[in-house]
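Colleague: Quick one: this structure, given as structure tokens, is what I'll be asking you about.
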Amino acid sequence: MSAPFRVERTDGVARLTLDRPDRLNALTFELYTELGRWFRQPDPADRAVLLTGEGRGFCSGGDVEDIIGQLFARDLQGLLAFTRLTGELVNAMRAHPAPIVAAVNGVAAGAGAILAMASDLRIASEKAKVSFLFNRVGLSGADMGACHLLPRIVGMGRAAEWLYLGAVVPADEAWRAGFFNRVVPPERLMDEAMAVASALARGPAFANSVTKVQLHREMDVSLDAAVEMEAQAQAICMAHPDFREAYDAWVESRPPRFR
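Using the numbering used here, read the sequence shown as starting at 24 and increasing by one per residue.
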């Protein structure tokens, strides 16, 4: 059996490709587990992550044969163990120190849409679609943190509409809603996504990691608390060598060489 995903590294960018193209990169028990383990064990050399899918799909969600069919044999505790496993993948992605760029090359359905949401930036092919199919199969839209993440990306009203109605959202509509940062022709997708990931990799990895932490943590605190958190975070960045390196580079009229 081939590995469920592969990783290729170039100049600080780890390109992680879901590798089940015959199943539109549907998630299996193994894939949930191995992806979560990978994100929980970051390589310090990875200054950005590019997440995509092999073939014509990004990720079609949970595999109907390898996962859904097996869930009917589980009791409630067994079902809870599975849903916690899926949610752990989102937590692992958010805890990964490097920013994650999702290159959505085709369908992103169910859990696949949530993998895109758990990424920091989302770039899509014009042929991409985001599908929130949970209620179409008798499940709630509250899956893997969707009810937390989606309203913060597209707003409460639109998130409610998409989750209640099981919407299938074309790339251009998702871009107008703010779900996708950019939408490009299919032949340009990987170049565009790699350019963004490479720009992140050339930047200050420590400061980018702090920004990622604060974007996530400040979702649920007051403005006063956020201002204090950012005061502490920025003071820490000011004490980091990258801050001095940026100043020295400006003085010397050269590009900064961040650690």
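A virtual CB, placed ideally from N, CA and C, is assigned to each residue, including glycine.
Computed from a predicted model, the values in this text were never measured in an experiment.
Between the Cα of methionine 217 and the Cα atoms of Leu172, Arg199, Ser83 and Thr33, which residue gives the shortest distance?
Modeller: For the residues Leu172, Arg199, Ser83 and Thr33, the minimum Cα distance to methionine 217 belongs to Thr33.
Colleague: Given that a residue counts as buried once 16 or more other Cβ atoms are within 10 Å of its Cβ, and exposed if not, what is valine 250?
Modeller: Exposed is the call here.
Colleague: Grab me the residues of glutamate 275's own chain with a C-beta within less than 6 angstroms of its C-beta, minus the 5 sequence neighbours each way, in chain order.
Modeller: If we look at glutamate 275 and ignore the five residues flanking it on each side, it has no Cβ neighbours.
Colleague: Suppose you measure from the CA of arginine 145 to the CA of glutamate 88; what does that come to, to the nearest Å?
Modeller: If I take the Cα positions, the gap works out to 28 angstroms.
Colleague: If you count every other CB in all the chains shown that lies within 10 Å of the CB of glycine 85, and 16 or more means buried, which is it?
Modeller: Glycine 85 is buried by the Cβ-count criterion.
Colleague: What residues in its chain sit with their C-beta under 7 angstroms from that of proline 278, if we drop five residues either side in the sequence?
Modeller: Within the same chain, proline 278 has close Cβ partners Ala272.
Colleague: Taking Cβ positions, are isoleucine 137 and valine 72 nearer each other than 9 angstroms?
Modeller: No; because the gap between Cβ atoms is not below 9 angstroms, this pair is not in contact.
Colleague: Express the C-alpha separation of methionine 140 and methionine 24 in angstroms, rounding to a whole number.
Modeller: With a pLDDT of only 48 at methionine 24, under the threshold of 50, the placement of this residue in the model should not be trusted; the figure read from the coordinates follows. Looking at the two C-alpha atoms, the distance is approximately 29 angstroms.
Colleague: Assign proline 209 to one of three DSSP states: helix, strand, or coil.
Modeller: Three-state DSSP puts proline 209 in a helix.
Colleague: Compare the Cα-Cα distances from glutamate 77 to each of Arg43, Glu53, Arg63 and Leu58 and report the closest residue.
Modeller: The shortest Cα separation from glutamate 77 among Arg43, Glu53, Arg63 and Leu58 belongs to Arg43.
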